[in-house]
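Asker:
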Amino acid sequence: MKIIDNNGLNHVLSNGIHLTEPYFITPDVKEEYEVEHDKLPHNVKPIFGEEWFDSAAYLLNYQTVLNRRDGRSFYNMTGFGDVSIVAALMTLKASCAGMLPVMIEDHVVITGDVGLTRQLMDEFNDTANEFDQKMQVIRPQDYGW
Amino acid sequence: MQITVKRKNSAILDDTVVRAVLGMYPEEKLVERPLFEEGLSGTPIDFQDFRDECDKILIPWQMFLLSKVNLATELGHIESQRQKVSQKLFAKRRGNGNVTSKRIIDRLIRCQNYVTTNGTFPKHAFSGSLNGMQTIDAAAHIVAYFGIDMRVFRSKKKAEALSYLIKRLEENNINVCQGVLTNKILPQVDGVREVYKGTSGFAIKDEKVPFVFIPSEINPNEKDGRQIYTLVYLMTVVGLEQYEFILNKDFKVSLLASRGLQKRIYDITSEFLLPRAKTEQYRGITITETIRDDLSTAYKITPSAVTVIFRKRGHIPDQAVYEALLPDPQPVVSDNGPRRQPGIEASVRKFNGKHVCDLANPAIKSRALFPVQAQYLLFGSVNKKGFKDYQKTL
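For the protein sequence lines, the chains are S and Z, in the order given.
Going by our numbering, the letters in the first sequence line up with residues 1 to 145, in that order.
Going by our numbering, the letters in the second sequence line up with residues 146 to 539, in that order.
(1) Going by DSSP, what residues sit across from S/His107 in a beta bridge?
(2) Using alpha carbons as the reference points, say which of Z/Thr262, Z/Thr280, Z/Arg178 and Z/Pro472 lies closest to Z/Ala422.
(3) Is there a Cβ of chain Z sitting closer than 8 Å to that of S/Thr78, yes or no?
(4) Output yes if chain S places a C-beta closer than 8 Å to the C-beta of Z/Ala156; else output no.
(5) Give a yes or no on whether the minimum CB-CB distance between Z/Met208 and chain S is below 8 Å.
(6) Would you please verify whether the beta carbon of S/Phe53 is less than 8 Å from any beta carbon of chain Z?
(7) Ends of the alpha helix (DSSP H) at Z/Val382?
(8) Within 8 Å of any Cβ in chain Z, is that where the Cβ of S/Ala56 sits?
(9) Apart from the five residues just before and just after Z/Val501, which ones in its own chain have a Cβ nearer than 7 Å to its Cβ?
(10) Mind pulling the chain Z residues with CB within less than 9 Å of S/Leu100?
(11) When the distance is taken between beta carbons, is Z/Val150 closer than 8 Å to Z/Arg164?
(12) So with Cβ pairs under 8 Å, would you call Z/Leu211 a contact of chain S?
(13) Mind checking if Z/Glu219 is an interface residue toward chain S, Cβ cutoff 8 Å exclusive?
(14) Output needed for Z/Phe396: all residues of its chain with C-beta closer than 6 Å, excluding positions within five of it in sequence on either side, in chain order.
(15) The alpha helix (DSSP H) with Z/Tyr104 in it runs from where to where?
(16) Taking 8 Å as the threshold (beta carbon to beta carbon), is Z/Gly531 in contact with chain S?
(17) Please report the distance separating the alpha-carbon of Z/Asn287 from that of Z/Ala450.
(18) Quick one: Cα of Z/Gln228 to Cα of Z/Gly221, how far?
(19) Hey, out of Z/Ile249, Z/Met208 and Z/Ala156, whose CA is closest to Z/Leu523's CA?
(20) In chain S, which residues lie less than 7 Å from Z/Asn215 when you measure between Cβ atoms?
(21) In chain order, what residues of the same chain lie with their CB nearer than 7 Å to the CB of Z/Asp438, ignoring the 5 residues before and after it?
(22) Decide yes or no for the touch test of the stretch 158 to 172 of chain Z against the stretch 293 to 307 of chain Z: beta carbon pairs closer than 8 Å, at least 3 of them.
(23) Does the distance from the C-beta atom of S/Ser95 to that of S/Thr26 stay below 8 Å?
(24) Bridge partners for S/Gln119 per DSSP, in chain order?
(25) Roughly how many angstroms separate the alpha carbons of Z/Gln536 and Z/Thr344, rounded to a whole number?
(26) Given 8 Å as the limit, is there contact between the stretch 331 to 345 of chain Z and the stretch 356 to 363 of chain Z, that is, 3 or more CB pairs closer than that?
(27) Using only alpha-carbon positions, find the residue among Z/Asp160, Z/Asp351 and Z/Leu326 that is nearest to Z/Val340.
(28) Give a yes or no on whether the minimum CB-CB distance between S/Phe74 and chain Z is below 8 Å.
(29) According to the Cβ coordinates, are Z/Leu253 and Z/Gly384 closer than 8 Å?
(30) Can you list, in chain order, the residues of the stretch 24 to 36 of chain S whose Cβ is nearer than 8 Å to any Cβ on chain Z?
(31) Can you give me the C-alpha to C-alpha distance between S/Leu100 and Z/Ser511, rounded to a whole angstrom?
(32) Is the CB of Z/Phe266 under 8 Å away from at least one CB in chain S?
(33) Using C-beta distances below 8 Å, list every residue in its chain close to Z/Glu219, excluding the 5 sequence neighbours before and after it, in chain order.
(34) Should S/Tyr23 and S/Asn43 be called a contact, given that it needs their Cβ atoms to be closer than 8 Å?
(35) Decide if Z/Asp351 is buried, meaning its Cβ has at least 16 other Cβ atoms within 10 Å, or exposed.
As structure tokens, this is what we get:
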């Protein structure tokens, strides 16, 4: 599964990349994106609307991350995209609990944001956990589109 | 307060946090809104309904998810970003409204901080310049300082005369903000609009760019003549630097000793609008409704203001005659909002004022001001459609 943030989306748009597989965005990333664009690029989907995504758990995780993390500002309303991505991955990780390791797919986050990358590395660094092991963060310019 | 997503229990909001967030603007009584009343009484609230409600009242939904400690930190953060807020003094013209919207003050202080941080303005020479002047000289100084051509001002209809005055102020570094009901500049919900109907005009002190706010659209009973009066009143407040309230860090308002200056402000305002030299021409003459209304039209103030001025200048000593001359109270105008929706640029410009837009617009184009920051500055919240439409006008 691929999750992309605004940094990644801007890279896609500015390089005219045609996406041939689904990429998911979180609600706050969608909101930030829609400030400047009318519609999402082809094959970019909101994760919150997907039937298989536990939206109730996501909101709980969002609340947890929001209260744990710095780097967001209500004055400028920045940093919430990062909160939403971490919360989404926590939700996906929980949904993988109890699955056979081989059944857990790779999760890729496409972002060039240094702060978000650091948060993800801090959050998903359990070497004994298959989800964490398979979670990757790749910069847009390094991703094999 | 329990939030559900697709009927499944999800986040629980701390009730004291919910009340504290809604209490940021106590005059709007947001806690009495049905959704929050239900939620605080134990009814689970659907997340989408909750988000929609937060959109309507222009408060970020994420703020409600904070813990008590984090909310306190956040509000402290916001306060420190406001910089000079603890020293802001403001005055208001009491009228049929005795409400000062903290939301509007908060927005305008943010705008004022933006202007003085990002613009280059000299110290405002008009502030305090009326002190020590006789009333007639003070009124003349207002005319001279702002380059007001009184013949031009009086030749216009009241609405155009108001626009003319606003332009003179703006060209002399006073930022004039006006209440707006369109384009989601302010919350469009019923209870909040009732609050705004009672909003009075006010001025916010600044040594470089004082701000004045007149209710305009948000108070339908504020006719043009009354708005002109309010504007001149507030110009006089700035000129005397007689701000009657201190706005403390927690937005508590403390009344300073007024030192009997209300009369002084009134005298200068009246002299500017209807000079004593003119009313003296009626000394010994019975003031009729015709005289009252003719002067109202000619001098761009309400018939009520004309009557009060004559009374205060001793032309109508008899109380019964005075009361008979006062116009009948106007029926409360039903609030259907403005008849047509102006363009987004007009609404943004009207609420935020010339100097805010003059600085923000190029910053938006160059991305020195990021879209989310720009929305909070100009709209007070995220307003994607509004901001997109606004960008197209730049």
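Positions of the beta carbon are idealized from the N, C-alpha and C atoms, including for glycine.
Answerer: Looking at the coordinates:
(1) For this step, residue 107 of chain S is matched to residue 107 along the first sequence. S/His107 pairs with S/Met135.
(2) In the second sequence, counting from the first residue as 1, residue 422 of chain Z sits at position 277. For the residues Z/Thr262, Z/Thr280, Z/Arg178 and Z/Pro472, the minimum Cα distance to Z/Ala422 belongs to Z/Thr280.
(3) One-based indexing of the first sequence puts residue 78 of chain S at position 78. Yes, its Cβ sits closer than 8 Å to a Cβ of chain Z.
(4) The residue labelled residue 156 of chain Z in the question sits at position 11 within the second sequence. So, interface residue.
(5) In the second sequence, residue 208 of chain Z corresponds to position 63, counting from 1. True, the Cβ-Cβ gap to chain S drops below 8 Å.
(6) What you label residue 53 of chain S is simply residue 53 of the first sequence in a count that begins at 1. S/Phe53 does not count as touching chain Z.
(7) Taking the second sequence and counting its residues from 1, one reaches residue 382 of chain Z at position 237. Looking at the DSSP string, the run of the alpha helix (DSSP H) that includes Z/Val382 is Asp369 to Leu385.
(8) Position 56 of the first sequence, counted from the start, is the residue given in the question as residue 56 of chain S. Closer than 8 Å to some Cβ of chain Z, the Cβ of S/Ala56 qualifies, so yes.
(9) Translated into the one-based positions of the second sequence, residue 501 of chain Z becomes position 356. Cys256, Tyr259, Val260 and Asn320, listed in sequence order.
(10) Walking along the first sequence from the start, residue 100 of chain S turns up at place 100. None at all; the shortest Cβ gap to chain Z is about 26 Å.
(11) In the second sequence, the residue the question calls residue 164 of chain Z occupies position 19. In the second sequence, the residue the question calls residue 150 of chain Z occupies position 5. No.
(12) As a working mapping, residue 211 of chain Z is identified with position 66 in the second sequence. Taking Cβ atoms only, chain S reaches closer than 8 Å to Z/Leu211, which makes this a yes.
(13) As a position in the second sequence, residue 219 of chain Z is number 74, starting the count at 1. Output row for Z/Glu219: interface = yes.
(14) To locate residue 396 of chain Z, count along the second sequence from 1; it is residue 251. Interpretation of Z/Phe396 is limited by its pLDDT of 44, a score under 50 that renders its predicted location unreliable; the figure taken from the coordinates is listed afterwards. Hits under 6 Å: Lys247.
(15) It is not possible to answer for residue 104 of chain Z, since the shown part of chain Z is limited to 146 through 539.
(16) Here residue 531 of chain Z refers to the residue found at position 386 when the second sequence is read from its first residue. So no, Z/Gly531 is outside the interface.
(17) By one-based count along the second sequence, residue 287 of chain Z stands at place 142. By one-based count along the second sequence, residue 450 of chain Z stands at place 305. Correcting the residue type first, residue 287 of chain Z is Ile in the shown sequence and not Asn. Rounded to whole angstroms, Z/Ile287 to Z/Ala450 spans 20 Å at the Cα level.
(18) Position 83 of the second sequence, counted from the first residue, corresponds to residue 228 of chain Z. Position 76 of the second sequence, counted from the first residue, corresponds to residue 221 of chain Z. Its pLDDT being 45, under 50, Z/Gln228 is placed unreliably by the model, and the measurement read from it follows with that caveat. So the alpha carbons of these two residues sit roughly 11 Å apart.
(19) The residue labelled residue 523 of chain Z in the question sits at position 378 within the second sequence. That would be Z/Ile249, whose Cα lies nearest to the Cα of Z/Leu523.
(20) Translated into the one-based positions of the second sequence, residue 215 of chain Z becomes position 70. The answer, in chain order, is Asn67.
(21) Numbered from 1 along the second sequence, position 293 holds the residue referred to as residue 438 of chain Z. So the list reads Pro448, once near-sequence residues are dropped.
(22) no
(23) Counted from its first residue, the first sequence places residue 95 of chain S at position 95. Counted from its first residue, the first sequence places residue 26 of chain S at position 26. Contact: no.
(24) Locating residue 119 of chain S in the first sequence gives position 119, counting from the first residue. The partner list for S/Gln119 (beta bridge, DSSP) is empty, contrary to what the question assumes.
(25) The sequence position of residue 536 of chain Z within the second sequence is 391, counting from 1. The sequence position of residue 344 of chain Z within the second sequence is 199, counting from 1. Each residue's alpha carbon lies about 30 Å from the other.
(26) yes
(27) Within the second sequence, numbered from 1, the residue matching residue 340 of chain Z stands at position 195. Z/Val340 has its Cα closest to that of Z/Leu326, out of Z/Asp160, Z/Asp351 and Z/Leu326.
(28) The sequence position of residue 74 of chain S within the first sequence is 74, counting from 1. Closer than 8 Å: yes.
(29) One-based indexing of the second sequence puts residue 253 of chain Z at position 108. One-based indexing of the second sequence puts residue 384 of chain Z at position 239. No, the Cβ-Cβ distance between Z/Leu253 and Z/Gly384 is not below 8 Å.
(30) Glu31, Glu32, Glu34, Val35 and Glu36
(31) Along the first sequence, one-based indexing puts residue 100 of chain S at 100. Along the second sequence, one-based indexing puts residue 511 of chain Z at 366. Taking the straight line joining both Cα atoms gives about 51 Å.
(32) Along the second sequence, read from residue 1 onward, the residue named residue 266 of chain Z stands at position 121. Chain S, which has no Cβ nearer than 8 Å to the Cβ of Z/Phe266, makes this no.
(33) Working through the second sequence from its first residue, we reach residue 219 of chain Z at position 74. Same-chain partners within the cutoff: Met208 and Leu211.
(34) Your numbering for residue 23 of chain S matches position 23 in the first sequence. Your numbering for residue 43 of chain S matches position 43 in the first sequence. Yes, the Cβ-Cβ distance between S/Tyr23 and S/Asn43 is below 8 Å.
(35) On the second sequence, residue 351 of chain Z is found 206 positions in, with the first residue counted as 1. Answer is buried; the Cβ neighbour count reaches 16.
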